[in-house]
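The structure appears right after this line, and notes come after that.
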Amino acid sequence: MLRALPRALCLSRPWRSPGARDCASGVKTGAPEIQVHALTGPDKGITEVLMNRPHARNALGKVFVSELLEALAQLREDQQVRVLIFRSAVKGVFCAGGFLPTHPHSSGIGVP
Numbered sequence: 000m001l002r003a004l005p006r007a008l009c010l011s012r013p014w015r016s017p018g019a020r021d022c023a024s025g026v027k028t029g030a031p032e033i034q035v036h037a038l039t040g041p042d043k044g045i046t047e048v049l050m051n052r053p054h055a056r057n058a059l060g061k062v063f064v065s066e067l068l069e070a071l072a073q074l075r076e077d078q079q080v081r082v083l084i085f086r087s088a089v090k091g092v093f094c095a096g097g098f099l100p101t102h103p104h105s106s107g108i109g110v111p
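Numbering (the working numbering), first residue to last: 0 to 111.
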């Protein structure tokens, strides 16, 4: 298992579409906010969860969290999945954290 870890950390190869699963989304860009890709070949058993909410820097909004929970529930039942790797499609950003409302009458952290 430890021998596979360094290879898993070097994910400079392109996304592989076979085995890809997307969750439905109401994203402004039209793309799913959470995308799940099962790797193949020698990386079989490794699944990448791609976070793709560039307009909010992957902030945890309602749709984002809903899609993430849906994807994780599906992956939990998949006996082929041994490793999950969370990645960001937003360059220079992993996750901005909780969504901060911009409405002047809002207070605290919200999840839109």
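Cβ atoms here follow ideal geometry from the backbone N, Cα and C, with glycine treated the same way.
Small disclaimer: the values here were computed from a predicted structure and weren't measured.
Asked	Found
Can you tell me where the alpha helix (DSSP H) with residue 70 in it begins and where it stops?	61 to 76
Starting from the C-beta of residue 25, find all residues in its chain whose C-beta is less than 8 Å away, skip the five residues before and the five after it, and write them out in chain order.	Reliability fails at residue 25, whose pLDDT of 39 lies under 50, so the model's placement of it is uncertain and no value is given.
On the criterion of 16 or more Cβ atoms from any shown chain inside 10 Å, does residue 12 qualify as buried, or is it exposed?	Its pLDDT being 47, under 50, residue 12 is placed unreliably by the model, and nothing is read from it.
Please specify which runs of the beta strand (DSSP E), each continuous and at least 3 residues long, are wholly inside the segment 24 to 59, giving them in chain order.	33 to 37, 45 to 50
Let me know the secondary structure DSSP gives residue 82 once reduced to three states.	strand
Figure out for me which residue from 72, 59, 49, 42 has the closest Cα to the Cα of residue 33.	49
Output needed for residue 22: all residues of its chain with C-beta closer than 6 Å, excluding positions within five of it in sequence on either side, in chain order.	Because the pLDDT at residue 22 is just 46, under 50, the model does not fix this residue reliably, and the value given afterwards should be weighed accordingly. Excluding residues within five positions, the ones whose Cβ falls inside 6 Å are 31, 33, 66, 69, 70.
Any idea if residue 76 is buried or exposed, counting beta-carbon neighbours within 10 angstroms, 16 or more meaning buried?	exposed
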